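I have placed the structure first, in the form of structure tokens, so that the comments after it can refer back to it.
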Amino acid sequence: MSEKELIPNTVTYNTIMQGLCHASSILEAQELFKKMCSSGMLPNLRTYSILLDGLCKHGHLEEALKLLESMQERKLEPDIVLYNILIHGMFIAGKLEGLLKEGLSDEAYKLFRKMEDDGFLPDSCSYNVIIQGFLQNRDASTAIRLIDEMVGKRFSADSSTFKMLLDLESHDENISQFMRGSSQIRQMK
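My numbering puts the sequence shown at residues 118 to 306.
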């Protein structure tokens, strides 16, 4: 683009970076990010969200957390979308890298609560992401507690969360009891 005197803007960089992340070309996306920054173009929250999502989805949680730190050093604060990306990324990293489930679940839960402390109220997507993570890690009691909280705030489970509950019902007594006796489940249907 630069050869023909066309100068890419933030939207151009974001679009290309998103395509690279979708194509699993994370290294190329990171290189493009560096090129963007070195050219004097300032990345915005969308830029960081794209790259953080790509890093998290491909199991590069530590790099994502470093990028988050550099973003905050630039005085850009995460929004609810970015928090959801990071929470989901923590659970993905736990699956991909075989990290201790408890430690990673605790970190994701802390981030979920920090989101509230920072003034971003969890939405239906936030709840579904973290509940699915706890269900994947077989922490039914925390998932059930979060479902109660979610329904109390008048949010509902999405089809993926509901399917996970149904799939785990026969394997987990806590979920089985919850499914049989819960008015929340009837509200979620």
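Ideal Cβ placement from N, Cα and C applies to all residues, glycine included.
Since this is a predicted model, take the numbers as computed values, not measurements.
Look at N131 here: in three-state DSSP terms it is helix.
Counting of Cβ neighbours within 10 angstroms places A140 among the exposed residues, the total staying below 16. Using a C-beta cut-off of 8 Å, the segment 153-173 makes contact with the segment 181-192, since at least three inter-stretch Cβ pairs fall below that distance. Short of 6 Å from the beta carbon of G157, and not among the five residues preceding or following it, lies no beta carbon of its own chain.
Look at the segment 158-245 and you find these whole runs of alpha helix (DSSP H), each 4 residues long or longer: 162-174, 178-190, 197-214 and 218-234.
A distance of 8 Å or more separates the beta carbons of C154 and I209. Here the alpha carbons of S277 and P239 stand approximately 18 Å from one another. Across the set K183, D235, D223 and N245, the C-alpha of N245 shows the shortest separation from the C-alpha of N201.
Taking a contact to require three or more Cβ pairs closer than 8 Å, the segment 275-293 and the segment 227-238 do not qualify as touching. DSSP places S155 inside the alpha helix (DSSP H), whose first and last residues are I143 to S155. For K280, the closest C-alpha among the options F272, Q253, T259 and G269 is that of Q253. Just so you know, the alpha carbons of F229 and E122 end up roughly 45 Å apart. When the Cα atoms are used, T259 and I248 turn out to be separated by approximately 8 Å.
When the five nearest sequence neighbours on each side are left out, the beta carbons in the same chain lying within less than 8 Å of the beta carbon of L137 are those of I143, E145, A146, L149 and G171, in order along the chain.
In the three-state DSSP reduction, E286 falls in the helix class (H, G or I).
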